[in-house]
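At position 281 of the sequence shown the residue is numbered 261 (this note's numbering), and the sequence of numbers has no breaks.
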Amino acid sequence: MNHRVDTTAPEAIGIVQISDLHFRDGAGARTFVAHEPQDGLAAVLVHAEQAIGTSAAVIATGDLADLGEPDSYARLGEALGALPVPVYCLAGNHDRQDPMQACLPRPNVHLEPAVQVGNWLMLLLDTNAHGLRAEADGTYVDREDRVHAASHPGLTPVEEKRARAILTATRADHVFLWLHQPPLPEITPAAQGDSELARLVRDFPAIRAIGAGHLHGDLSGEFEGRPVYVAPSTFMSIDPPNRAFEGPGYRTYLLHPDGRIETEVHIVPGALTDALRTAPLPPFFTDLLTGTVTTDELAALSDAEFEERYGEPRPMRRS
Ligand SMILES: [Fe+2]
Ligand SMILES: [Fe+2]
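Next comes the structure, spelled out in structure tokens:
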């Protein structure tokens, strides 16, 4: 689906990125977080109200739901449907595509479109190929182990073809790619080199930058010579330099007509952030952030191996 928001905008375009909302279908205790995902999103939306009001769109970069229940998408659709601007969503490794497609969309809440805003194209990609299984009829279904299997970005042939067709046809001067799992070399080595995503980015010089989530933190890096920006989570974030938990947050962008990008991370001050900052960060998070272990290596560990290595049960294991 192609949308065109405003092709005449002469000024810089504002975008608000929210990510890793991890909505649940009801109250559910998390191992080390006391608040509910919707409380984090609510705090973010209050803090970002002015930025959203002056932005062209909100972009939600995956892990919209934690376990993929239909009601979690329905709840999220209600929250995002109330926003005064269009919301463009893509799927993360935690999402389940059938309930997401059935229960999330609203008149202003869309899934994985390509949207032109001014002379910029926003291209939202589904990079969960490793968590999908191809059916005989050419469609894809979620693998049972999607959460872990899709821990690094991958493109199905169908999604790659869609992206290439859009990138070939676009008349936009600049392209911003949005996806869930950031292709940062130190964290997702499998995405480097000759991956479908690397070839796609190499083949289209108009791609200026990549916006991602998944790591729940204020991180950035480079992929195929383009900047990669990672947003904090609206639910619970991490603070990589301090190896600590961090509060709910979001990223704002100004996309200039000449291709320049300004971006800023915002952590929402308040009780949720205060509580998270006092919680100890599990050692596996530190290993992940320092590149001591990759997401693939972590995902490959059995629960017993994880516990042996880290001296505690895997906190976010989902079957
Ligand atoms: Fe996440
Ligand atoms: Fe994720």
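Built from N, CA and C at the ideal position, the CB exists for glycine as well.
Since this is a predicted model, take the numbers as computed values, not measurements.
| Query | Result |
| --- | --- |
| With burial defined as no fewer than 16 other Cβ atoms inside 10 Å of the residue's Cβ, what is the status of V121: buried or exposed? | exposed |
| Please find out if some non-hydrogen atom of ligand 1 comes closer than 6 Å to the beta-carbon of L106. | According to the sequence displayed, residue 106 carries Asp and not Leu. D106: no, Cβ never under 6 Å from ligand 1. |
| Among all the DSSP beta bridges, which residues are the ones paired with R21? | Note that residue 21 corresponds to Leu in the displayed sequence, not to Arg. L21 pairs with nothing; no bridge assigned. |
| Assess, as a yes-or-no matter, whether the stretch 223 to 230 is touched by the stretch 172 to 186 under the definition of 3 or more beta carbon pairs within less than 8 Å. | no |
| Tell me where the beta strand (DSSP E) around V208 begins and ends. | 206 to 210 |
| Between the alpha carbons of A259 and L268, how many angstroms are there, rounded? | 18 Å |
| Quick one: which unbroken beta strand (DSSP E) runs of 3-plus residues sit fully inside the stretch 150 to 187? Chain order, please. | 154 to 158 |
| Considering only the beta carbon of each residue, do C69 and A40 sit closer than 7 Å? | yes |
| Between which residues of its own chain and H246 is the CB-CB distance below 6 Å, once the five residues before and five after are set aside? | G229, Y230 |
| Do you know offhand how far A9's Cα is from P17's? | Since pLDDT at A9 reaches only 47, below the 50 mark, its modelled position is unreliable, and the value read off the structure follows with that caveat. For A9 and P17, the distance between alpha carbons rounds to 10 Å. |
| Do you know offhand how far A143's Cα is from L103's? | 8 Å |
| What does the Cβ neighbour count give for D0, buried or exposed, with the cut at 16 atoms within 10 Å? | buried |
| Is the beta carbon of A170 less than 7 Å from the beta carbon of H194? | no |
| Which residue's Cα is closest to the Cα of L234: G197, A36, L256? | A36 |
| Quick check on G250 - is its C-beta less than 7 Å from some C-beta in chain D? | Protein chains in the displayed structure number just one, and chain D is not present. |
| Within its chain, find whatever has a CB closer than 6 Å to the CB of G239; leave out the 5 residues flanking it on each side and keep chain order. | H154, R188 |
| Do you know how far the Cα of P50 is from the Cα of E(-9)? | 39 Å |
| Pull up the distance between the alpha-carbon of G(-6) and that of G98, whole angstroms please. | 11 Å |
| Inspect the beta-carbon positions of G20 and T214 and report whether they are closer than 7 Å. | yes |
| What whole-angstrom Cβ distance do G42 and A23 have, given they're in contact under 8 Å? | In fact, because the Cβ distance is near 20 Å, the residues do not count as touching under 8 Å. |
| Could you name the residues of the same chain whose beta carbon sits closer than 7 Å to that of G111, not counting the 5 residues immediately before and after it, in chain order? | N73, D122, R123, R126, A129, A130 |
| Assign V26 to buried or exposed, taking buried as 16 or more other Cβ atoms, counted over all protein chains shown, within 10 Å of its Cβ. | exposed |
| Classify P262: buried if its beta carbon has 16 or more other beta carbons within 10 angstroms, exposed otherwise. | buried |
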